[in-house]
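Colleague: I am attaching a structure below and will ask some questions about it afterwards.
Protein chains: 2
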Amino acid sequence: MGRTRTFDVNEALEAALGVFWRKGYEGASYADLVVATGVERPALYSAFGNKETLFLRALERYASNYANYVPAAIERSTARDVAEGVLFGAVELSTRFSDRTGCLGVNGALAGSDEAEQARAALIAWRADGEAALRRRFERARSEGDLPANSDCATLAAYVLAVAHGIAVQAKAGFAVDTLMAVARQALEGWPRSGNTLVAEQRL
Amino acid sequence: MGRTRTFDVNEALEAALGVFWRKGYEGASYADLVVATGVERPALYSAFGNKETLFLRALERYASNYANYVPAAIERSTARDVAEGVLFGAVELSTRFSDRTGCLGVNGALAGSDEAEQARAALIAWRADGEAALRRRFERARSEGDLPANSDCATLAAYVLAVAHGIAVQAKAGFAVDTLMAVARQALEGWPRSGNTLVAEQRL
DNA sequence: ACCTTTTCGTAACAAGCGTTATTATATCGC
DNA sequence: GCGATATAATAACGCTTGTTACGAAAAGGT
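One line per chain: the protein sequences are E and V, in this order.
Every number in the numbering used here is 16 more than the matching position in the first sequence, counting from 1.
Every number in the numbering used here is 16 more than the matching position in the second sequence, counting from 1.
Right, here's the structure in full:
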């Protein structure tokens, strides 16, 4: 019983996600959120709690609806394809919407006042989760001979995500898709070759 | 004539720089700046103008006193050494101070409200300057045969700085120096080899 | 020793922030 | 239709933001 909600909670969350994506946690004001969602302040509070919990829910949604290219890449069959999937996915997502470039996971709260500390911590933890999943995938590849036996999988995971983050920073600065795709391809140039094939290179 | 200043302008600017470095442009409040500099608000205004001009002066100082590892790297003798100098320099600076990790050029204003737009634009322009200088250096290397004739120097410059930015993001998340150094080394694995030497690789 | 000039520090400004009381409105069970 | 319940929107809350009047204090020139 009671009055029924006049707005769709998921639509409102999606709109709020967009604001956080563009302006970050602290840069997004409730005035912005009200305009973007079309929902008045008290309704946002009753539906999502305070700003921090709203941001966390937006991050959840971002992880499952936008940053899902990472788990998708992890399911690819070779470590190199995984790395490629992450990098190309980062380029694609970071440039998909011209009004919210870059990555919410990076834009959200890189630096800020003390009040943004919990949001920052949540983003750091989320990025660390992705990195751990990537590292485990590379470790599996190493055990399967898909990566050289002496590969440093933690470094490879950190490297791939570092490039992805750098791409997100550059996308936020307005870099073109083509430029960033070239960066991603360059990043794959030094990818370790599997140890059980004979490779001979020669350049003039 | 007139009363003499009781604080050192450069010391105050240095302290303000530290606050911007840690909290970014919008995250740094005048309350923070007053505490860090030991200078009251009106004195900061009379010495530096408003918050935006204070930030721009802090960025200038950052460029010349901290981010000078980039022009230093550019003076190295080979393109690979240049890339190494930028990447290792980014790691070193991003982890030099435990209370202000990462890079002011990235932390300063990646995302934010509309009021941070000019600070964002200044940071973007500054990073673009560094990238252009790096690209020109690589073009010189290419013309000297230090890089292959078909090298895409714009991509190489964007790539090196993308990794540097990604390293800065990870440093801000608390990554250890050793981890980031390993990332930087991995980033150099695919660096193009000079075209006038015969290279033969063989792995078992 | 005064007068001018510059800086200092307190205190205030309007505007914006995140958050919430409060009242009105719409829906459901009976 | 009536009472119970949940949401709607207006309006305000206290606090912080960046910025600035204002009067007190200190320095130099004549």
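Idealized CB from N, CA, C, for every residue including glycine.
Keep in mind it's a predicted model, so treat the numbers as computed, not measured.
Assign Glu27(E) to one of two classes, buried (16 or more other C-beta atoms within 10 Å of its C-beta) or exposed (fewer than that).
Modeller: By the 10 Å Cβ count, Glu27(E) comes out exposed.
Colleague: Could you give the DSSP three-state label for Tyr82(V): helix, strand or coil?
Modeller: It is coil, neither helix nor strand.
Colleague: Do you know whose CA, among Leu29(E), Asn66(E), Gln134(E), Glu68(E), lies nearest Val51(E)'s CA?
Modeller: Nearest of Leu29(E), Asn66(E), Gln134(E), Glu68(E) to Val51(E), Cα basis: Leu29(E).
Colleague: Quick one: give me the first and last residue of the alpha helix (DSSP H) that Ala59(V) is part of.
Modeller: First-last of the alpha helix (DSSP H) with Ala59(V): 57 to 64.
Colleague: In chain E, which residues lie with their C-beta within 9 angstroms of the C-beta of Ser114(V)?
Modeller: Ordered by position in chain E, no residue passes the 9 angstroms Cβ test against Ser114(V), which lies about 15 angstroms from the chain.
Colleague: If distances are taken between C-alpha atoms only, which option among Ala63(V), Gly65(V), Arg112(V), Ser62(V) comes closest to Tyr82(V)?
Modeller: Nearest of Ala63(V), Gly65(V), Arg112(V), Ser62(V) to Tyr82(V), Cα basis: Arg112(V).
Colleague: Indicate whether at least one CB of chain E lies closer than 8 angstroms to the CB of Asn123(V).
Modeller: For Asn123(V), the answer is yes, since a Cβ of chain E falls inside 8 angstroms of its Cβ.
Colleague: Assuming Leu48(V) is part of the alpha helix (DSSP H), what are its boundary residues?
Modeller: Leu is not the amino acid found at residue 48(V); the sequence shown has Asp there. Asp48(V) -> alpha helix (DSSP H) spans 46 to 53.
Colleague: Less than 8 angstroms separating the beta-carbons of Ala99(V) and Val193(V)?
Modeller: Contact: no.
Colleague: With 8 angstroms as the limit, tell me which residues of the segment 140 to 156 of chain V have their beta carbon closer than that to any beta carbon of chain E; keep them in chain order.
Modeller: Answer in chain order: Ile140, Arg143, Ala144.
Colleague: Identify, in the order they occur along the chain, each residue of the same chain with its Cβ nearer than 7 angstroms to the Cβ of Asp116(V), setting aside the five sequence neighbours on each side.
Modeller: Reading off the sequence, residue 116(V) comes out as Arg, not Asp. Excluding residues within five positions, the ones whose Cβ falls inside 7 angstroms are Gly34, Trp37, Arg38.
Colleague: Please report how far the alpha carbon of Tyr46(V) lies from the alpha carbon of Val185(V), in whole angstroms.
Modeller: If I take the Cα positions, the gap works out to 25 angstroms.
Colleague: Quick one: is Thr53(E) buried, meaning 16 or more other Cβ sit within 10 Å of its Cβ, or exposed?
Modeller: Looking at its Cβ environment, which holds 16 or more other Cβ atoms inside 10 Å, Thr53(E) is buried.
Colleague: Contact criterion: CB-CB distance below 8 angstroms. Does Gln134(E) meet it with respect to chain V?
Modeller: Output row for Gln134(E): interface = no.
Colleague: Is it right to say Thr69(E) is buried, meaning 16 or more other beta carbons lie within 10 angstroms of its own, or is it exposed?
Modeller: Burial call: exposed.
Colleague: Buried or exposed, going by whether 16 or more other CB atoms sit within 10 Å of the CB of Asn224(E)?
Modeller: With chain E running from 17 to 220 in the structure shown, residue 224(E) is simply not present.
Colleague: Mapping the DSSP letters down to three states, classify Pro164(V) as helix, strand or coil.
Modeller: Coil.
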